[in-house]
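Numbering (this note's numbering), first residue to last: 2 to 432.
Where is the CB? At the ideal position from N, CA and C, for every residue including glycine.
Below is one structure; the comments refer to it alone.
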Amino acid sequence: MPRPATAYEYGRRYGFGRSVPTQKSDDDKRKAVAGALGGGEAEGDKSERQREEEEKRIKALMKGMASAGTDDILSSAMVGSIVGMQSSEILQVASEYEVKLSYNGEKKLTVNRADLESAQPSEKVLGAQSHLRLVTGLQKQIASFEKKCSEVQAKHDELYSEYTEAQEELAEVIKRKERIAREMEKLNEMENEENAEVLNQLRSLVSMNESLKKQETQFKAHCKEEKERLSGLIAQLKHGDDESEDSERVTSLKTLLQTDQEKLQKIRTLLARKNREIAQLQRKIDEIPSRAELTQYQRRFIELYSQVSSMLTETKQYFTLYNTLEDQKAYMEKEVGILTSIHEKFDLAMSSDKNKELFLQQVQQILDGIKQDKEQLGQRCVEERKEKDRLTTIHLDLIDKQRKYYKTVKDFQEECRKNETLLSKIKTKNR
2 MPRPATAYEY
12 GRRYGFGRSV
22 PTQKSDDDKR
32 KAVAGALGGG
42 EAEGDKSERQ
52 REEEEKRIKA
62 LMKGMASAGT
72 DDILSSAMVG
82 SIVGMQSSEI
92 LQVASEYEVK
102 LSYNGEKKLT
112 VNRADLESAQ
122 PSEKVLGAQS
132 HLRLVTGLQK
142 QIASFEKKCS
152 EVQAKHDELY
162 SEYTEAQEEL
172 AEVIKRKERI
182 AREMEKLNEM
192 ENEENAEVLN
202 QLRSLVSMNE
212 SLKKQETQFK
222 AHCKEEKERL
232 SGLIAQLKHG
242 DDESEDSERV
252 TSLKTLLQTD
262 QEKLQKIRTL
272 LARKNREIAQ
282 LQRKIDEIPS
292 RAELTQYQRR
302 FIELYSQVSS
312 MLTETKQYFT
322 LYNTLEDQKA
332 YMEKEVGILT
342 SIHEKFDLAM
352 SSDKNKELFL
362 QQVQQILDGI
372 KQDKEQLGQR
382 CVEERKEKDR
392 LTTIHLDLID
402 KQRKYYKTVK
412 DFQEECRKNE
422 TLLSKIKTKN
432 R
């Protein structure tokens, strides 16, 4: 395919190449340019009509160059028109075109600057304009890249926020997993022979609950899809031709939908019942104290019993001391009363032999009463000592039983520990 001629090639083809100013005068130059323009008229003889024609030619040329902004090269006719103009007109057209030209990416208008310089020897002006055009293009390209960079940064921020949210969700899932693992460990610790059956039943109910939840979710999704499908089918059937068949189909679909909704309601009711049963079993399990709690309760009860026993012993001692002192007080008061009575009646009794004999009889009666009281107290003391010995023997027996009990409990705990160790080893081997 032939390549269109550039401005430089067009000038060489039609004799408008770069002229060498050695043997031509200014008049020859003017005549050559005037001859190239095709008019042969002098610049001073142009009329108003010719200036209007030249302006029209410039506007037409500008319009053609603007329409050629998206092409890679200019056509030969366009270049011929450019070269056929005078140098002043060429500069005017170039300056106006550079103002209107917009930078559109990588495509550029290729015009040979040598053909323009052939009509105007001022290369500095054209170089400055070319530099200005290049700077403008680079600035537009920089602005485009900055815009793309801001878009990429916004996209990066959005993706980073999504990444942060995903990390937070992952951390929450990990925490939930750890909490569930801890709860499972506590549940395994609580397991013993008494509540093993209840825990197994609870595990089966929990797995059933999870299975029902999963089935419910799947059933909801299936019902939603089926509802959408049936709704679309109903919408299509509404626009059908056979109204009787459409009504029958709609009725059957409504019946099917109602049946599915009833099934869903039954499943929800069953799930609620299972949840209530699980909650009741959970409460029963929580009511059963663990081995550590039982040990703590036992220790606390023993401490409480020791405190109550010491307080009871102290109270009994206070009561015994009070009764003893009360008895001593009564005997001392009786003794003081007897001595006072003897002292008061002694002078009267010594006044005559009859009174003296009567006084001696009364003293003898008092001595007999005292001896009788002494014998009763001695007998009571012997009984109290026998009771003390009996209680001491019982106390020693109880201390011996307590010692045996503590030893038995210790041995039982050791055996329980061995049992748990063996069970853990058996579970490990079974896995």
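Alpha helix (DSSP H) segment containing residue 289, residue limits: No alpha helix (DSSP H) contains residue 289, which DSSP labels as neither H nor E.
If you drop the 5 nearest sequence neighbours on each side, which residues of the same chain put their C-beta closer than 8 Å to that of residue 406? For residue 406, where only same-chain residues beyond five positions count, there are no Cβ hits under 8 Å.
With hydrogens ignored, establish whether the beta-carbon of residue 414 is closer than 7 Å to any heavy atom of the ligand MG. Ligands displayed in this structure: none; no statement on the ligand MG is therefore possible.
Cα-Cα separation between residue 173 and residue 167, rounded to whole angstroms: If I take the Cα positions, the gap works out to 10 Å.
Count the CB pairs spanning the region 277 to 292 and the region 223 to 236 that are closer than 8 Å, and state whether there are at least three. Counting Cβ pairs under 8 Å, fewer than three are found: no touch.
Cβ atoms of residue 217 and residue 268: under 8 Å apart, would you say? Residue 217 sits close to residue 268, with the two beta carbons spaced by under 8 Å.
With a cut-off of 8 Å, do at least 3 Cβ pairs link the region 303 to 318 to the region 199 to 215? No, the region 303 to 318 is not in contact with the region 199 to 215.
Quick check on residue 160: buried or exposed, where buried means 16 or more other Cβ atoms within 10 Å of its Cβ? Taking all protein chains shown into account, residue 160 has fewer than 16 neighbouring C-beta atoms within 10 Å of its C-beta and is therefore exposed.
At what residues does the alpha helix (DSSP H) containing residue 209 begin and finish? Where residue 209 is concerned, the enclosing alpha helix (DSSP H) stretches over 197 to 239.
Return the CA-CA distance between residue 157 and residue 150, expressed in angstroms with no decimal places. About 10 Å.
Taking the beta carbon of residue 73 as the centre, do at least 16 other beta carbons fall within 10 Å, making it buried, or is it exposed? Residue placement at residue 73 is poorly supported in this model, since its pLDDT is 44, which falls under 50; the coordinates are not used for a value here.
Would you report the Cα separation of residue 375 and residue 325, rounded to the nearest angstrom? Residue 375 and residue 325 have their C-alpha atoms roughly 15 Å apart.
Residue 213 and residue 272 look like a contact to me (Cβ under 8 Å); what is the Cβ gap, rounded to whole Å? With 8 Å as the limit, residue 213 and residue 272 qualify as a contact, their Cβ atoms being about 5 Å apart.
Residue 275 and residue 210 look like a contact to me (Cβ under 8 Å); what is the Cβ gap, rounded to whole Å? Rounded, the Cβ-Cβ distance is 6 Å, consistent with contact.
Using 8 Å as the threshold, is the C-beta distance between residue 250 and residue 258 below it? In this structure, residue 258 does not lie closer than 8 Å to residue 250 by Cβ.
CA-to-CA distance, residue 142 to residue 110, given in whole angstroms: The pLDDT assigned to residue 110 is 39, lower than 50, so where the model puts this residue is not dependable; a value taken from the coordinates is nonetheless given after this. Roughly 17 Å between the two C-alpha positions.
Would you kindly work out how many angstroms separate the C-alpha atoms of residue 316 and residue 310, rounded to a whole number? Whole-angstrom Cα-Cα distance: 10 Å.
What does the alpha-carbon distance come out to for the pair residue 422 and residue 270? Computed Cα separation, rounded: 43 Å.
Rounded straight-line distance, which links the Cα of residue 348 to that of residue 372: When rounded, the distance between both Cα atoms is 26 Å.
Check residue 386 in the structure and name its three-state DSSP category. Helix at residue 386.
Can you tell me whether residue 331 is buried or exposed? The criterion is at least 16 other CB atoms within 10 Å of its CB, across all chains shown. With fewer than 16 Cβ atoms within 10 Å of its Cβ, residue 331 is classed as exposed.
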